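Each residue of the sequence shown is one higher than the one before, counting from 0 in numbering that gives the first Met the number 0.
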Amino acid sequence: MKEKMKEKVKRKNNALYRFLRLMRKDLDLLFHDPQLLILIVLLPISALFLINAPWVASGTGTQTIVKIGVINNDQPASEDYTALFLQTMTESLEDYQVELKIYTHEEFGEKRTQQAENDLYLDEIDAIFIFPQDFSVQIATGFPTIFTVIVDGAELLRVKDLVDVAYAAINTFQETYNFSRDTVDLDTQSVYHWNPQISGSGLSVQLDFGAEFTPRIIILLSLIAALSLTTQSYVGDTVIHRFDLTPTNKFEMLSAKFFGFSLISLAQNSVICGIWVAIGSPFPEPILPAVLNTILLLQICSSIGLSIGLALSTISRTKLQANQLMFFTLIFIMIIQFIGGIHWGPLEFMDFVEIIPDIYFPIVYKGLSVFDFLSQTINLMVTAVVWFAFANFVAWRTKIKV
């Protein structure tokens, strides 16, 4: 009996054993806090909403307006099936109101593809349809034909919607003119916009100063959520009495919290990327490394947020003080995104995380033309205030008065 008691005491004094118990107990406390559970559940939902903000129909009824840029290389021998296909798109689709912008050779010359991609880059059109030279001839002779659809890979769910528009047009066209189901197909291509510039002795990638607000905030979301989860997690803790573990210290306590919350963040980030895969987002092949790299990127952001949050929690004497520090930290983190030379974004991450560019840049950043700096700063500050209010709601401890 005495030997069993000695073994039990020895196990309790083992640092690893204490650490694992600390982490387990901290997770138990976390999952009994309904306010924090709200934040844990809502992070994936809010991230997906930010990324995939629904289109707002601006036409009559329930139709969604889709702006298509058309590059027509077709040279019909008799029947112009390209014209018939475009007519089908604009007149016969029930769920979409398609507006066409034709890039003619006479108007744009050899640069019409470049002009169309620039318009796609500036959101003046939603997709580019390129019809090959033998489109009509292939259909007339009974051979299957393919046209190209170019979409902006940074738009994520919009990519799927645009492909749905193309397939709806194909199906309607084939049914209207009694063609077989495999007469027309499409080749989907994604373009991502980033600006290579010569800097110093080598080539560096610098993104536009005014990157689009919503994709820019995605990379901050995991960091901010982790910061919100942990800012008040240590204030007022009495380590020994709370966990009844002897001996223990502040380092073990904070380490257990860090790794415990890291598991939560990892689950959240995995859910986000899993849903991206499920909805058909344009992850490149092979898909598994791309998904894992993206999860790793978001996890790095979460780890930064956890570290900052625990640091603020440790130096704060009251919950109110912790809230105030978090508020100013959120504003600072967001504003530095617009201060040249202080980027902690893609370039720094790319140094030690081998992110696949074709998936990294469109998801995390979307380089657009430079927007007004003041309006972007206001947007970020408003977001910081909203997150501050949200964090106060979900992280509030009812048993501890501020």
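Just so it is clear, CB atoms sit at the ideal spot from N, CA and C, and this is done for glycine as well.
In this text the structure is predicted, and so the values were computed from the model without any measurement.
Cut-off 8 Å between Cβ atoms - residues of its own chain near residue i, not counting five sequence neighbours on either side
i	result
Val183	Phe84, Ile138, Pro143, Thr144, Ile145, Phe146, Ile169, Phe172 and Gln173
Thr81	Asn71, Asp73, Pro75, Phe130, Phe134 and Ser135
Leu185	Ile145, Phe146, Thr147, Val148, Val162, Ala165, Tyr166 and Ile169
Ile294	Leu265, Asn268, Ser269 and Cys272
Gln298	Ser221, Ser261, Ser264, Leu265 and Asn268
Phe178	Ile138 and Phe172
Distance cut-off 6 Å: residue i Cβ against heavy atoms of the ligand ATP
i	result
Glu174	Ligands displayed in this structure: none; no statement on the ligand ATP is therefore possible.
Nearest residue (CA-CA) to residue i, options the options
i	options	result
Val150	Gly304, Leu161 and Thr140	Leu161
Glu123	Ile67, Thr317, Thr175 and Leu92	Ile67
Gly141	Lys110, Arg111, Asp181 and Leu121	Asp181
Tyr16	Ala255, Thr112 and Phe178	Ala255
Ile307	Phe331, Asp27 and Leu26	Phe331
Same chain, Cβ closer than 7 Å to residue i, five either side skipped, listed in chain order
i	result
Phe242	Bear in mind that the predicted position of Phe242 carries a pLDDT of just 46, short of 50, making it unreliable; the figure below should be weighed with that in mind. Closer than 7 Å at Cβ, skipping near neighbours: Leu21 and Lys24.
Ser302	Ser261
Thr89	Val97 and Leu99
Asp118	Gly68 and Ile124
Gln114	Tyr102 and Phe107
Thr237	Because Thr237 carries a pLDDT of 47, less than 50, the predicted location of this residue cannot be relied on, and no value is offered for it.
Ser77	Ala139
Phe18	Glu251, Ser254 and Ala255
Leu26	Gly259
Asn13	none
CB contact check: residue i to chain B, cutoff 7 Å
i	result
Glu251	In the displayed structure, chain B is absent; only one protein chain is listed.
Boundaries (first-last residue) of the alpha helix (DSSP H) holding residue i
i	result
Phe107	His104 to Phe107
Thr112	Arg111 to Tyr120
Beta-carbon proximity list for residue i, same chain, < 6 Å, skipping 5 on both sides
i	result
Val65	Tyr95, Val97, Asp125 and Val164
Gly60	For Gly60, the predicted structure reports a pLDDT of 46, less than 50, and the residue's modelled location is therefore unreliable. A value from the coordinates is still provided. Excluding positions up to five away in sequence, the list is empty.
Ser91	Thr171
Gln132	Asn72 and Gln74
Inter-residue CB distance, residue i and residue j (contact presumed, cutoff 8 Å)
i	j	result
Leu309	Phe258	Incorrect: roughly 11 Å between the Cβ atoms, too far for contact.
Leu324	Ser315	6 Å
Thr87	Thr175	6 Å
N- and C-terminal bounds of the beta strand (DSSP E) containing residue i
i	result
Gln96	Tyr95 to Ile101
Ile138	No beta strand (DSSP E) holds Ile138; the alpha helix (DSSP H) holding it covers Phe134 to Ala139.
Ala76	Note, Ala76: premise wrong, no beta strand (DSSP E); not H, not E.
Ile70	Thr63 to Asn71
Ile149	Thr144 to Asp151
Phe130	Ala126 to Phe130
Inter-stretch contact at 8 Å, needing at least 3 Cβ pairs: the segment 67–84 / the segment 100–112: The segment 67–84, when compared against the segment 100–112, does touch it at the 8 Å Cβ threshold.
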